[in-house]
Each structure stands twice: as structure tokens, then as C-alpha cells.
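What follows is a single structure, written as C-alpha cells, with notes after it.
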Amino acid sequence: MESMMIYMPIVMALVGLAYMMVKKSWVMKQDAGDGKMKEISDHIYEGALAFLKAEYRLLTLFVIGVSILLFIVST
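What follows is the structure, given as C-alpha cells:
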């Protein structure tokens, strides 16, 4: 029973990765649409990248701040 509890998360992770690869393959085969749809898709992509850049910048500042605080508290 204990060995099953060790290997089950690994098996489930591999099943999840296989499912993701199948779904990705299906999505990539779909038609991208006409010119207007591609244009809208490009705008969404650019907006998503801008959002992620802002999030990572904020996360970096937070991690640096917490690291400094933990360093000060630990000394």
C-alpha cells in the first residue's frame, strides 16, 4: 500500500502530461480562422504577455523584499 502511495502521484502526473499533449495536438490542428480572428488573437497575445511581464516584475519585487526581510530577521 505504501509503495502505491509513492508511485501514484508519478503515474497521475504522467497521465496528466499525456492528456495535455493529446489536447495540445488537437488544438494546434484547428483552423486559426480568418484575418480578423487572427488580428484579434494577436492583440490578446500581446495583452497577455504585457500582463505576465507586469506580474513577474511585481513577483520579483515581492520575493526580493521578503528575502531581505527574512535575512534581517534571521540575523
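Heads up: the sequence shown begins at 15 in my numbering, then just goes up one per residue.
All residues carry an ideal CB built from backbone N, CA and C; glycine is no exception.
Exercise. Between the C-alpha atoms of V87 and L31, what's the straight-line distance to the nearest angstrom?
Worked result: Here residue 87 refers to the residue found at position 73 when the sequence shown is read from its first residue. Here residue 31 refers to the residue found at position 17 when the sequence shown is read from its first residue. Our two residues, V87 and L31, have alpha carbons roughly 41 angstroms apart in a direct line.
For this session: Determine the contact status of K52 and A46, defining contact as a CB-CB distance below 8 angstroms.
Result: In the sequence shown, the residue the question calls residue 52 occupies position 38. In the sequence shown, the residue the question calls residue 46 occupies position 32. Yes.
Exercise. With DSSP run on the structure shown, which of helix, strand or coil describes M15?
Worked result: Numbered from 1 along the sequence shown, position 1 holds the residue referred to as residue 15. M15 falls in the coil class under three-state DSSP.
For this session: Identify the continuous alpha helix (DSSP H) that holds D56 and give its terminal residues.
Result: As a first step, residue 56 must be located in the sequence shown, where it is residue number 42. It spans G49 to S88 - the alpha helix (DSSP H) in which D56 sits, taken as one unbroken run.
Exercise. What is the DSSP secondary structure of A46, counted as helix, strand or coil?
Worked result: The residue given as residue 46 occupies position 32 in the sequence shown. A46: coil per DSSP, three-state reduction.
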